[in-house]
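Residue numbers (the UniProt record's numbering), protein chains in the order written: chain P, 1 to 185; chain L, 1 to 185.
There are 2 protein chains.
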Amino acid sequence: MGRAKTIDEVQLFQETEKLILESGYAGFHFKALSERLGVARSTIYNYYPKKEELITAFMVHLLKQVVTKMDRLSEKEDPVRSMIELWGNYANIHQMMQVMPYIDKKASAKVEESVKEMFRMLQEMKVKIKIILTAEQEKGEVRTDVHMDTLVGLVMAAVQIPMHHASQEDWVKEVYLLINDGLKG
Amino acid sequence: MGRAKTIDEVQLFQETEKLILESGYAGFHFKALSERLGVARSTIYNYYPKKEELITAFMVHLLKQVVTKMDRLSEKEDPVRSMIELWGNYANIHQMMQVMPYIDKKASAKVEESVKEMFRMLQEMKVKIKIILTAEQEKGEVRTDVHMDTLVGLVMAAVQIPMHHASQEDWVKEVYLLINDGLKG
Numbered sequence: 001m002g003r004a005k006t007i008d009e010v011q012l013f014q015e016t017e018k019l020i021l022e023s024g025y026a027g028f029h030f031k032a033l034s035e036r037l038g039v040a041r042s043t044i045y046n047y048y049p050k051k052e053e054l055i056t057a058f059m060v061h062l063l064k065q066v067v068t069k070m071d072r073l074s075e076k077e078d079p080v081r082s083m084i085e086l087w088g089n090y091a092n093i094h095q096m097m098q099v100m101p102y103i104d105k106k107a108s109a110k111v112e113e114s115v116k117e118m119f120r121m122l123q124e125m126k127v128k129i130k131i132i133l134t135a136e137q138e139k140g141e142v143r144t145d146v147h148m149d150t151l152v153g154l155v156m157a158a159v160q161i162p163m164h165h166a167s168q169e170d171w172v173k174e175v176y177l178l179i180n181d182g183l184k185g
Numbered sequence: 001m002g003r004a005k006t007i008d009e010v011q012l013f014q015e016t017e018k019l020i021l022e023s024g025y026a027g028f029h030f031k032a033l034s035e036r037l038g039v040a041r042s043t044i045y046n047y048y049p050k051k052e053e054l055i056t057a058f059m060v061h062l063l064k065q066v067v068t069k070m071d072r073l074s075e076k077e078d079p080v081r082s083m084i085e086l087w088g089n090y091a092n093i094h095q096m097m098q099v100m101p102y103i104d105k106k107a108s109a110k111v112e113e114s115v116k117e118m119f120r121m122l123q124e125m126k127v128k129i130k131i132i133l134t135a136e137q138e139k140g141e142v143r144t145d146v147h148m149d150t151l152v153g154l155v156m157a158a159v160q161i162p163m164h165h166a167s168q169e170d171w172v173k174e175v176y177l178l179i180n181d182g183l184k185g
């Protein structure tokens with residue numbers, strides 16, 4: 001018998017996220033993670049020698065998902081609403097990002113690479129938001145009296161609005177009202 | 001002759017800010033700072049044994065200034081606009097905050113205390129925004145169909161909108177348009 005010697009990456013990422021959201025960075029240790037996964041701690045180390053590597057690899061994974069899903073937004077009837085819905089679906093990214101301040105960005109070359117990749121993903125998000133808002137301007141749905149960078153900045157900043165009191169559905173509804181009325185003018 | 005053995009805290013904070021904004025956290029060393037101030041490195045160490053202590057003490061200092069200035073906002077004709085102006089005046093806080101991820105929060109007990117104090121200040125800012133927005137709701141200037149926490153979240157998030165392309169004056173004008181139209185509905 002004995003414990004499994006391999007890990008499914010999807011499951012590893014899922015438990016990483018759950019553990020961080022429940023216990024914060026302080027409570028995030030490979031010991032707790034290995035117990036949840038039913039594997040030996042050494043098995044996790046085989047994949048990720050440092051916890052910083054695991055966390056940042058997971059962040060890159062999440063951001064890539066969002067960036068990929070943004071491609072379909074322009075086909076939607078109300079791309080701005082769909083974008084806020086996407087932010088709502090990935091509210092965990094915002095919560096995970098709050099762990100970033102505690103992570104040693106120079107823990108290893110892999111961590112440094114992941115952090116760079118995270119910034120690249122955030123840049124790509126901005127480019128895609130810009131494309132969407134420009135198309136909406138052409139349809140007369142978004143104001144043109146404010147610089148595009150500021151409009152993009154508002155949409156990006158919307159992710160920071162906390163979801164504490166609200167269900168995801170209410171959050172989307174409320175944040176959409178605020179952002180859309182701001183963007184329309 | 002020889003170099004000064006005491007430092008004026010205002011000047012120390014000013015040079016700290018300039019050095020960080022110019023060189024980032026990577027380029028922030030007591031060596032560079034002491035050269036700018038014309039004092040021996042050891043003189044700075046007498047006040048702040050670690051650079052993390054100096055940076056976080058400076059952040060607390062900045063946040064306290066903002067929180068204090070928020071008290072006068074309710075007397076203004078358009079408190080929302082005055083609040084965005086205040087955010088514009090302290091845009092450096094946002095830039096400084098971006099250094100926070102690189103700071104070891106457990107570098108010393110003093111750093112830990114300053115970080116806690118920063119969170120207390122941010123909480124106090126939220127309370128003050130809530131008071132202002134509630135008064136504006138009573139005047140019919142702010143919508144009531146969105147939960148107060150979400151309205152406060154939007155105003156807090158506005159600080160995150162980058163100022164890159166714009167002068168401070170343009171940033172205030174544009175961000176005010178977006179936030180105010182969102183808040184009014």
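Yeah, the Cβ is synthetic: ideal placement off N, Cα and C, and Gly gets one too.
When DSSP labels each residue in this structure, what does residue i get in the three-state scheme?
i      : result
V127/P : helix
V66/L  : helix
T150/L : helix
R120/L : helix
Q160/P : helix
S108/P : coil
S82/L  : helix
E141/L : coil
K18/L  : helix
D71/P  : coil
G185/L : coil
V99/P  : coil
G24/L  : coil
S114/L : helix
E77/P  : coil
K50/P  : coil
H94/L  : helix
H29/P  : coil
S34/L  : helix
A166/P : coil
Buried or exposed for residue i, please, with buried defined as at least 16 other CB atoms from any protein chain shown within 10 angstroms of its CB.
i      : result
A26/P  : exposed
K18/P  : exposed
P49/L  : exposed
K106/P : exposed
G153/P : buried
K116/L : exposed
M1/L   : A caution first: M1/L carries a pLDDT of 45, below 50, which makes its placement in the model unreliable, though a value can still be read off. By the neighbour-count rule (16 or more Cβ atoms within 10 Å), M1/L is not buried but exposed.
K51/L  : buried
T150/L : buried
V111/L : buried
Interface residues of chain P around residue i at Cβ under 9 Å?
i      : result
V146/L : K173, E174, V175, L177 and L178
G182/L : L154, L177, L178, I179, N180, D181, G182 and L183
By the criterion of Cβ-Cβ separation under 8 Å, what are the contact partners of residue i in chain P?
i      : result
M100/L : P101
List the residues of chain L that residue i touches, going by C-beta distances under 8 Å, in chain order.
i      : result
D149/P : P162, H164, H165 and A166
K50/P  : Simply none; closest approach about 16 Å.
Give the interface partners of residue i over in chain L, defined as CB-CB distance under 7 Å, in chain order.
i      : result
A157/P : A157, A158, Q160 and I161
Shorter than 8 Å from the beta carbon of residue i to some beta carbon of chain C?
i      : result
G153/L : As a matter of chain content, chain C is missing from the structure shown, whose protein chains are P and L.
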